[in-house]
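Trainee: Here the first sequence stands for residues -15 to 381, where the numbers follow the numbering used here. Glycine included, C-beta positions come from ideal geometry on N, C-alpha and C.
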Amino acid sequence: MPRSIDEIFHRAKQGKPLFTDRKALSPDFIPQSLPFRDEQTRAVAEVLAPVLHDSKPSNLLLYGKTGTGKTAVTRYVLGKLKAEAGSSALISAYVNTRISATEYRTLAELAKFVDLPVDKQIPFTGLSIGEVIERICDSVRASSKQVILVLDEIDYLVKAYGDNLLYELTRSGDRLAPGFLSLVGISNDLKFKDELDPRVLSSLSEEELVFPPYTVDELREILTERAQMAFSPKAASPAAVSLCAAMAGSEHGDARRAIDLLRIAGEVAEREGLKEIDETCIRRASDKMEHDRVEEAIRSLPVQNKAVLLAVSRFREGTNTGELYLSYNGLCRRTGLEALTQRRVSGILAELDLLGLIEASVVSKGRRGRTKRIHLLIGSETLEKTLSEDTTFGTIT
DNA sequence: CCTCCACTGGAAACCTAGGCTC
DNA sequence: GAGCCTAGGTTTCCAGTGGAGG
-15 MPRSIDEIFH RAKQGKPLFT DRKALSPDFI PQSLPFRDEQ TRAVAEVLAP
35 VLHDSKPSNL LLYGKTGTGK TAVTRYVLGK LKAEAGSSAL ISAYVNTRIS
85 ATEYRTLAEL AKFVDLPVDK QIPFTGLSIG EVIERICDSV RASSKQVILV
135 LDEIDYLVKA YGDNLLYELT RSGDRLAPGF LSLVGISNDL KFKDELDPRV
185 LSSLSEEELV FPPYTVDELR EILTERAQMA FSPKAASPAA VSLCAAMAGS
235 EHGDARRAID LLRIAGEVAE REGLKEIDET CIRRASDKME HDRVEEAIRS
285 LPVQNKAVLL AVSRFREGTN TGELYLSYNG LCRRTGLEAL TQRRVSGILA
335 ELDLLGLIEA SVVSKGRRGR TKRIHLLIGS ETLEKTLSED TTFGTIT
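1) May I have the straight-line CA-CA distance separating residue 301 from residue 357, to the nearest angstrom?
2) Contact defined as beta carbons within less than 8 Å: I believe residue 203 pairs with residue 237. What is the distance between those atoms, to the nearest angstrom?
3) Is the beta carbon of residue 56 less than 9 Å from the beta carbon of residue 6?
4) Which residue marks the beginning of the alpha helix (DSSP H) containing residue 230, and which one marks its end?
5) Taking DSSP as the reference, what is the three-state secondary structure of residue 49?
6) Are there 16 or more other CB atoms within 10 angstroms of the CB of residue 54, so buried, or fewer, so exposed?
7) Could you name the residues that DSSP lists as bridge partners for residue 302?
8) Ignore the nearest five residues each way along the sequence and tell me which others in residue 35's own chain have a CB closer than 8 Å to its CB.
9) Quick one: is residue 244 buried, meaning 16 or more other Cβ sit within 10 Å of its Cβ, or exposed?
10) With a cut-off of 8 Å on the beta carbons, I'd call residue 50 and residue 327 a contact; round off their distance for me.
11) Express the C-alpha separation of residue -7 and residue 113 in angstroms, rounding to a whole number.
12) Are there three or more Cβ pairs, one per stretch, closer than 8 Å when the region 147 to 165 is compared with the region 114 to 125?
13) Given that a residue counts as buried once 16 or more other Cβ atoms are within 10 Å of its Cβ, and exposed if not, what is residue 105?
14) Quick one: Cα of residue 15 to Cα of residue 308, how far?
15) State whether the region 212 to 224 contacts the region 179 to 195, with contact taken as three or more CB pairs (one from each stretch) at a distance under 8 Å.
16) Considering only the beta carbon of each residue, do residue 138 and residue 176 sit closer than 9 Å?
17) Below 8 Å, how does it come out for the region 247 to 257 and the region 278 to 290: are there three or more Cβ pairs, yes or no?
18) With a Cβ-Cβ cutoff of 9 Å, do residue 149 and residue 93 count as a contact?
19) Can you tell me the Cβ-Cβ gap for residue 341 and residue 361, rounded? I've got them flagged as a contact below 8 Å.
20) Under DSSP, the beta strand (DSSP E) around residue 169 begins and ends at which residues?
21) I'd like to check one pair, residue 182 with residue 48: are the Cβ atoms closer than 9 Å?
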């Protein structure tokens, strides 16, 4: 749908905008109150309250599927707590360990909140983990800081690196006094507890809290409230809101997804110059979300993983490890990329599988050995379009 | 029931880039 | 600047294996 810029501007000028306050649907918006989460909000507040009379709150572990309000409740309570305390000794640090990805970077993130002396800043590499912990502890002790460290998606850290870091952090008490550090762990995965050393577990889960998924009815109510803030009246009909709640919530009551869906549907409608969000907008928004997720996943891949993915896409009917490796080798020769070993490529295949970009399952073909049956789970045009942005593959896709 | 293929996936060694100390 | 350290990615090595074909 080619459209001149005159037309775009004209459309934008005429008619009232759909959105009155886009922020109300942004991912990090925290509303005045969190519906259906009173119990959890109060529980978190109770656990953290001791900080107000300078004693260390218990460590806390929060569970629940994505979009059940764990992060929102935590941020909400911490926000209030900070306002109440009014002291600069209270530091609320938030680190998402899936994004920080390694132990070292998780600590480096924490260090940013702790405000280290200029000569003790954490470089992005070069220090041992022990040294980084040392520097953080020193600073906390020296200025009696009261740190509440939120480790979001803590299960990622534990899965990849075990519980060493948590072990260190939970028993750093003596090195921090008179300051202290309390942990708030947030996990999507209940099973991650199995991988923890019993000592770490008992210390980390002094308090525990489970966040149940929202029901579709609850989602609808949440969306209705947000829609009233975000859109001009009538822009989002009850039917549209219900559909968003149903589409996003049918699987496991994911409020974040529901809110994203409503926002993007609003953007689609606005771009089309519609006065209200209709079903088509919502369906297109849903497609767009999936599409964006895939593009982003591809874009952020290391170059070797991209190469392997591209090699996979050459086989329409799926392939196996040996055949794929040959093709990958050829690709490397043509692009001047250094070819990795088959062992490593096998590992990369497992990573791509985990991201949901390919499916790679081990099959046995009897006498003809054991291998992975591999096929692409995403559209090859999307893949090629996205990879052509990368200079390594720009000419070859 | 046994063989034996074409890998899988764990473990350890190796490499690189960077900071630290002296 | 030499000689040390570490994290993270990769290679090297290799024992282990599900099941079709004998």
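Mentor: This is what the structure gives:
1) Approximately 10 Å between the Cα atoms of the pair.
2) Taking a contact as a CB-CB distance under 8 Å, the pair residue 203 and residue 237 counts as one, their CB atoms being some 6 Å apart.
3) No, they are not a contact pair.
4) Unbroken alpha helix (DSSP H) run through residue 230: 222 to 233.
5) Residue 49: coil per DSSP, three-state reduction.
6) Answer is buried; the Cβ neighbour count reaches 16.
7) Note: residue 302 sits in no beta bridge, so no partner.
8) So the qualifying residues of the chain are 41, 65, 69, 74, 130, 132 and 166.
9) Classification of residue 244: buried, given that the 10 Å Cβ count is 16 or more.
10) Between residue 327 and residue 50 the Cβ distance is about 33 Å, and since that is not below 8 Å, they are no contact.
11) Each residue's Cα considered, the two are about 54 Å apart.
12) Counting Cβ pairs under 8 Å, three or more are found: they touch.
13) A residue is called buried when at least 16 other Cβ atoms come within 10 angstroms of its Cβ; residue 105 does not meet this threshold and is exposed.
14) So the two alpha carbons sit approximately 50 Å from each other.
15) No contact exists between the region 212 to 224 and the region 179 to 195.
16) Result yes, Cβ atoms of residue 138 and residue 176 sit closer than 9 Å.
17) By the Cβ rule, the region 247 to 257 does not count as touching the region 278 to 290, because fewer than three pairs are nearer than 8 Å.
18) Residue 149 places its beta carbon 9 Å or farther from that of residue 93.
19) Sure, about 6 Å apart at Cβ, within 8 Å.
20) In the DSSP assignment, residue 169 falls within the unbroken beta strand (DSSP E) covering 164 to 171.
21) No. Outside cutoff.
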